[in-house]
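S.K.: Handing you a structure now.
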Amino acid sequence: MDHLKSIAGRFATEAPVESIRPLGAGLINDTYLAATAEGTPDYVLQRINTNIFTDPAGLQGNIVAVTRHLASKLPADADPSRRVLTPVALKDDPGLTYLVDDNGEVWRMTRFISDAYTFDTVNPHYARHAGRAFGEFEAQLTDIKEDLVETIPNFHNMEFRLEQLREAIAADAAGRLEPTREIADKLLDAAERMTAAERMHREGRLPKRICHCDTKVNNMLFDADGRVLCVIDLDTVMPSFVFSDFGDFLRTAANTGAEDAADLSSVSFDLDIFRAFAEGYIESAGKFLTATEREMLPFAATLFPYMQAVRFYTDYLNGDTYYKINGPEHNLTRTLAQMRLWEDAEAKLPQMREIIASC
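In terms of the working numbering, the sequence shown opens at residue 636 and continues consecutively.
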């Protein structure tokens with residue numbers, strides 16, 4: 636841990652870091668708790684995965700701009716160190732919040748929020764909390780002045796994902812197309828309606844907002860009384876359609892089965908979770924949503940399982956080059972499970988529209 640302590644020592648902490656240990660089980664960045672003496676703040680030290688986030692300067696520029704803006708929105712009696720993530724600058728360059736070490740690895744640090752909790756449970760109670768928190772997060776960023784970069788370009792661009800699929804079909808690199816041709820046909824047959832957002836944006840009918848783009852229930856911190864403190868994991872905060880935050884949450888939260896369920900009978904779209912999340916989301920985001928954005932929220936709930944089915948199937952055709960797998964058919968299993976969720980969500984569009992109309 637000497638190397639980690641040396642890295643931590645380059646940041647402007649309030650007290651020297653005395654110990655470092657791994658923190659959490661993140662799949663992208665390497666994360667550590669950097670502890671200081673009792674009575675002084677602890678910190679979170681992260682090694683940024685530059686294979687995923689290829690523009691660390693842009694990434695950190697986004698996070699600094701967003702956290703500064705969110706802090707400016709807090710009530711006068713709120714403690715910003717607990718209500719917003721706090722990036723830590725370098726000792727020898729206060730204008731920078733990331734460090735490139737001698738090995739070319741990129742590091743950053745934020746202040747650790749103590750006595751805070753995350754939950755992995757998805758039920759209507761926490762879904763409503765999540766909807767309210769992520770809607771408020773977007774609402775507070777509607778007037779941010781800085782231009783944010785796309786930290787992962789085309790991350791939720793459906794046209795781009797379909798182009799990747801068409802390229803995979805044309806190449807058929809792993810020779811898997813013919814036995815699964817029915818899947819390819821079904822996904823491509825839906826392409827016109829599932830790329831509505833990109834077309835509407837070009838026509839000036841659908842704006843882009845600053846969105847979180849990774850709206851999991853465990854990306855919120857709660858205090859000991861169960862109140863939301865703040866939204867965390869800001870790496871993917873960037874311009875997108877509000878569908879990104881609305882639909883991506885429901886893709887996982889409203890799925891009654893596993894993302895890679897082999898038993899497709901276990902997979903369905905849970906309208907109770909949809910209702911709770913939608914009610915919480917519209918309560919806070921309703922102040923800025925256009926009529927078109929609001930009307931199309933049910934579409935967002937169908938878009939994201941479709942998008943993920945396209946991405947899993949593309950990787951399957953390419954020979955499993957992107958996602959980690961636990962067997963040669965894992966991406967195919969994932970594809971079928973996401974298609975089942977997409978189809979069930981589409982079948983429930985009338986009920987979803989009624990719920991949105993009642994919010």
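Glycine residues also receive a C-beta, built at the ideal position from the N, C-alpha and C atoms. None of the values given here were measured: they were computed from a predicted structure.
(1) I'd like the ranges of any beta strand (DSSP E) spanning at least 3 consecutive residues and lying wholly in the segment 787 to 872.
(2) Assuming I908 and L932 make a contact with CB atoms under 8 Å, what is their CB distance in whole Å?
(3) Counting pairs of Cβ atoms below 8 Å between the segment 798 to 807 and the segment 916 to 923, do you hit three or more?
(4) Secondary structure at S654, three-state DSSP: helix, strand or coil?
(5) Beta strand (DSSP E) containing D665: first to last residue?
(6) Assuming D755 and V852 make a contact with CB atoms under 8 Å, what is their CB distance in whole Å?
(7) In this structure, does DSSP put I991 in helix, strand or coil?
(8) Would R746 pass as a contact of Y678 if the rule is Cβ separation under 8 Å?
(9) Starting from Y948, trace the alpha helix (DSSP H) both ways and give me its first and last residue.
(10) Identify the continuous alpha helix (DSSP H) that holds R969 and give its terminal residues.
(11) Using the Cα positions of G616 and V699, report the straight-line distance between them to the nearest angstrom.
(12) Just confirm the distance between the C-beta atoms of K922 and A774, as a whole number of angstroms; I'd bet it's less than 8 Å.
(13) Could you check what DSSP says for S903 in three-state terms: helix, strand or coil?
(14) Is it true that the CB of A650 sits closer than 8 Å to the CB of T675?
(15) Whole angstroms is fine: what's the gap from T815's alpha carbon to E827's?
(16) Take A944 as the anchor and find which of G739, L899, D955 and L976 has the nearest alpha-carbon.
(17) Just grab the DSSP bridge partners of F646 for me.
(18) Spatial neighbours of L658 within its chain, please: C-beta separation below 8 Å, excluding the five flanking residues on both sides.
(19) Assign R811 to buried or exposed, taking buried as 16 or more other Cβ atoms, counted over all protein chains shown, within 10 Å of its Cβ.
(20) Which value, in whole angstroms, describes the spacing of the CA atoms of A935 and F772?
(21) Between the Cα of L694 and those of E785, D727 and G770, spot the shortest distance and give me the residue it belongs to.
(22) What is the rounded straight-line gap between the Cα of R718 and the Cα of H764?
(23) Figure out for me which residue from T850, Q681 and D690 has the closest Cα to the Cα of Y761.
(24) Just grab the DSSP bridge partners of S875 for me.
(25) Kindly indicate which three-state DSSP category T745 falls into: helix, strand or coil?
(26) Who are the near neighbours of F939 in its chain, counting only those whose CB is closer than 6 Å to its CB and skipping five residues on each side?
(27) From E838 to N686, what distance separates their C-alpha atoms?
(28) Could you check which residue in D782, S879 and P715 has the C-alpha nearest to that of G696?
(29) May I ask which residues mark the beginning and end of the alpha helix (DSSP H) holding I698?
(30) Using alpha carbons as the reference points, say which of F878, T753 and V701 lies closest to T830.
(31) On a CA-only basis, which of L906, Y948, A982 and M636 is nearest R796? Give me that one, please.
(32) Can you name the start and end residues of the beta strand (DSSP E) that Y733 belongs to?
(33) Using the three-state DSSP reduction, which class does L924 fall into: helix, strand or coil?
(34) Would you mind reading off the limits of the beta strand (DSSP E) that contains Y761?
(35) Could you pull the DSSP bridge partners for V719 from this structure?
M.R.: Reading off the structure:
(1) 844 to 846, 855 to 857 and 863 to 866
(2) Not really, about 14 Å apart at Cβ, beyond 8 Å.
(3) no
(4) strand
(5) D665 to A670
(6) 7 Å
(7) helix
(8) yes
(9) L932 to L952
(10) H965 to A982
(11) Residue 616 lies beyond the residue range present for the chain, which begins at 636 and ends at 994; the question has no answer from this structure.
(12) 6 Å
(13) coil
(14) yes
(15) 21 Å
(16) L976
(17) L725
(18) T666, Y667, L668 and V679
(19) buried
(20) 18 Å
(21) E785
(22) 15 Å
(23) T850
(24) R844
(25) strand
(26) G882, D883 and R886
(27) 34 Å
(28) D782
(29) P691 to S707
(30) F878
(31) Y948
(32) Y733 to V735
(33) coil
(34) Run containing Y761: none in the beta strand (DSSP E); it sits in the alpha helix (DSSP H), P759 to Q775.
(35) Its beta-bridge partners do not exist; DSSP assigns none.
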